[in-house]
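Q:
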Amino acid sequence: MNLTAGVTLALLIQYFIFSLFVGAARYKTGIKAPATTGDPFFEATFRVQHNTLEQLIHVIPALWICSYFFSQTFAVICASIFLVGRVLFFVGYRTAPEKRAPGFIMGWISSIGLILGGAWGVTLSLIN
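The opening position of the sequence shown corresponds to residue 10 in our numbering, with each subsequent residue numbered one higher.
Below, the structure written as structure tokens:
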């Protein structure tokens, strides 16, 4: 489970970094908290961070369930693809919102892999 813990930490560090970028975008654009609108660059940065939070709610538990019941290697590969997808999502969204799709799709497919792998592993453990 060391690899699973490592990729979990990488996901959390990535989220923390995205949060720092939101703070930097607030400073750069002059958008004061608690406002979340007012500048397209800030809004895109904020949406990346918020969307990542929404995704982590199912990705992290699915990562651990898939790793434990199905395959740690498969789970870590899926989570690593998700991690890279989030970087592409971040870069694409901040460049132009319509460029966020490849990173989002990459993350979405990898999260489906984690959920299905976990569901398969749990099902097999219940049958056996």
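Glycine included, every Cβ here is placed at the ideal spot set by N, Cα and C.
Note that the structure is a prediction, hence the values are computed from the model and not measured.
1. Going by DSSP in three states, T46 sits in which element: helix, strand or coil?
2. Taking I118 as the reference, give the member of P106, I86, R103 with the closest Cα.
3. Report yes if the C-beta distance between K37 and F51 is below 9 Å; otherwise report no.
4. For the alpha helix (DSSP H) that contains M115, what are its first and last residues?
5. Measure the Cβ-Cβ separation of F30 and F99 and say whether it is below 9 Å.
A: From the atom records:
1. For T46, the secondary structure class from DSSP, reduced to helix, strand or coil, is coil.
2. Taking only the C-alpha atoms, the option nearest I118 is I86.
3. A contact, by the Cβ cut-off of 9 Å.
4. It spans 110-136 - the alpha helix (DSSP H) in which M115 sits, taken as one unbroken run.
5. The criterion of a C-beta distance shorter than 9 Å is satisfied by F30 and F99.
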